[in-house]
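Let me begin by presenting the structure, written as structure tokens, before commenting on it.
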Amino acid sequence: MKKQIAILGSTGSIGTQALQVIEEQHELYEVYALTANNRVELLAEQARRFHPEVVVIANPAKYQQLKEALADLPIKVYAGADALCQVVEAGPIDIVLTAMVGFAGLPPTISAIRAGKAIALANKETLVVAGELINALAQEYRVPILPVDSEHSAIFQCLAGEDQNPIEKILLTASGGPFRTCTLEQLAHVTKTQALKHPNWDMGAKITIDSATLMNKGFEVIEAKWLFGVRPEQIEVVVHPQSVIHSAVQFQDGAIKAQLGVPDMRLPIQYAFSYPKRLKASFDRCDLFSIGNLTFEKPDTNRFRCLALAFESLKRGGNMSCIVNAANEIVNRAFLEDRVAFLRMAEIIEETMTKVAFIQKPTYEDYLATDAEARRVAESLI
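Numbering (the working numbering), first residue to last: 1415 to 1796.
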């Protein structure tokens, strides 16, 4: 029987590459559901190619357009946030790939866990916002959470067979982004066009900007805490411009295991689908001879304040990471819309952290309220 896969966010970078994996491994996997936020044309094109049982467009205003585009096919078409939560509960689904961007990925991920579906997690915000809640639900419903981020997949791979060996330190690698060597004076004047030119990875606009500020790496630090059960002080960010070592784990005897590869998200996507097996694939291979030197640097949290703020939110706990995420989504969009300067983004996030009510033991409803409040505060500061 082929594994049935639902892709939340099929028109984004992760979603489109997941479809490439499914196409290459078509004897093992089949698309059950595809969802998107606004990109109707591409979603319809994907539906025609992969013939899912269901498609969902999150924006209800786009429903009629999608319905008409697929009128000649026996594909169920739905719209809205509630439909996203309902579709992942469908009986035949084996794996839900959560590739949506932002806080919007949290509710359908919770629904999928409660329905007993394996989670291939590419939506950072799910664990950033509500890691404690997600871990508790995953344990309650005995659902595996398989990391798709290249860094967390690398750590996951390094830990295979090491169940009885405590982690001393996680070495989370970062490319440093397009502004790694810029001074504070230079950062004050960078543009979105410059920020969108990531040196190694091809990603969506939101994540690319987060990579330029190093907030993306800060979110990965928070994810690592929840995925691997380590303390904040056990996570060390290492700037590695070549992006060959995707991350590493140091054990209590001092040994370090690292996972190396080309910067291609299809490998961690496929590994999440096939775990614990490794499948033969056509992806490019890592040629150490052509790479030459691998270099490593400490991150500068004075120039890249967002990384420090993420660590601070993790240490404070409660709903603080939820506040940081919401504020970041607002300033990220504002930067892309030329409404805020590059360095001002971190300042607004830090101010929002002081203005939104702190809750030590938040419920799901608290996370929703915190997210809404933090967005209002951040927007008012722009």
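Even glycine gets a Cβ: it sits at the ideal position worked out from N, Cα and C.
Taking the alpha helix (DSSP H) that residue i falls in, what are its first and last residues?
i, result
"ILE1762", "1756-1769"
"ALA1447", "It is not in any alpha helix (DSSP H) - ALA1447 instead sits in the beta strand (DSSP E) that spans 1443-1450."
"ALA1461", "1454-1464"
"ALA1493", "Note, ALA1493: premise wrong, no alpha helix (DSSP H); beta strand (DSSP E) at 1490-1493."
"VAL1745", "1734-1750"
"LYS1729", "1719-1730"
CA-CA distance, residue i and residue j?
i, j, result
"ALA1602", "ALA1755", "7 Å"
"GLY1426", "ILE1471", "13 Å"
"SER1735", "ASN1716", "20 Å"
"LEU1457", "LEU1757", "36 Å"
"ARG1719", "HIS1440", "44 Å"
"ASN1746", "LYS1606", "10 Å"
"THR1587", "HIS1660", "6 Å"
"GLU1647", "LEU1573", "19 Å"
"ILE1436", "LYS1694", "13 Å"
"ILE1621", "CYS1499", "23 Å"
"ARG1463", "ASN1473", "22 Å"
"LYS1729", "MET1629", "16 Å"
"GLN1774", "GLU1482", "48 Å"
"SER1625", "LYS1631", "7 Å"
"GLN1418", "VAL1510", "9 Å"
One question on the structure: do residue i and residue j come within less than 8 Å of each other, judged by their Cβ atoms?
i, j, result
"ALA1568", "GLN1673", "yes"
"ILE1636", "LEU1541", "yes"
"PRO1800", "TYR1446", "Nothing about residue 1800 can be read from this structure; the chain reaches only from 1415 to 1796."
"GLU1711", "VAL1653", "yes"
"LEU1560", "ALA1532", "yes"
"LEU1433", "VAL1454", "no"
"ALA1513", "ASN1537", "yes"
"VAL1501", "PRO1682", "no"
"ILE1584", "PHE1642", "yes"
Suppose the cutoff is 6 Å on Cβ atoms and the five residues either side in sequence are ignored; what does the same chain contact list for residue i look like?
i, result
"GLU1743", "GLY1516"
"GLY1590", "VAL1653, PRO1655"
"GLU1793", "ILE1744"
"ALA1798", "Not covered by the structure: residue 1798. The range shown for the chain is 1415 to 1796."
"SER1727", "MET1734, SER1735, VAL1738"
"ALA1760", "ARG1719, CYS1720"
"ALA1686", "ALA1534, LEU1560, VAL1562"
Taking the DSSP output, what are the residues bridged to residue i?
i, result
"LEU1674", "ILE1659"
"THR1595", "Paired residue(s): none; THR1595 is not in a bridge."
"ALA1534", "LEU1511, LEU1560"
"LEU1585", "GLU1650, ALA1662"
Near residue i, which residues of its chain fall below 8 Å by C-beta distance, leaving aside the five closest residues on each side in sequence?
i, result
"PHE1665", "GLU1576, ASN1579, PRO1580, ILE1581, GLU1582, LYS1671"
"MET1415", "none"
"TRP1640", "LEU1541, GLY1545, GLU1546, ILE1548, ASN1549"
Just to confirm, does residue i get its C-beta within under 7 Å of one of the non-hydrogen atoms of the ligand FAD?
i, result
"GLN1478", "The model on display carries no ligand, and the ligand FAD is accordingly not part of it."
Looking only at its chain, what residues have a beta carbon closer than 7 Å to the beta carbon of residue i, apart from the 5 residues adjacent to it on each side?
i, result
"ILE1524", "LEU1551"
"GLY1530", "TYR1555, VAL1557"
How is the beta strand (DSSP E) around residue i delimited, first residue to last?
i, result
"THR1540", "Taken as a continuous stretch (DSSP letters only), THR1540 belongs to no beta strand (DSSP E), being part of the alpha helix (DSSP H) at 1538-1554."
"ILE1683", "Unbroken run through ILE1683 is the alpha helix (DSSP H), 1680-1688; no beta strand (DSSP E)."
"LEU1422", "1417-1422"
"VAL1604", "From DSSP, VAL1604 is part of no beta strand (DSSP E); its letter is neither H nor E."
"VAL1469", "1468-1471"
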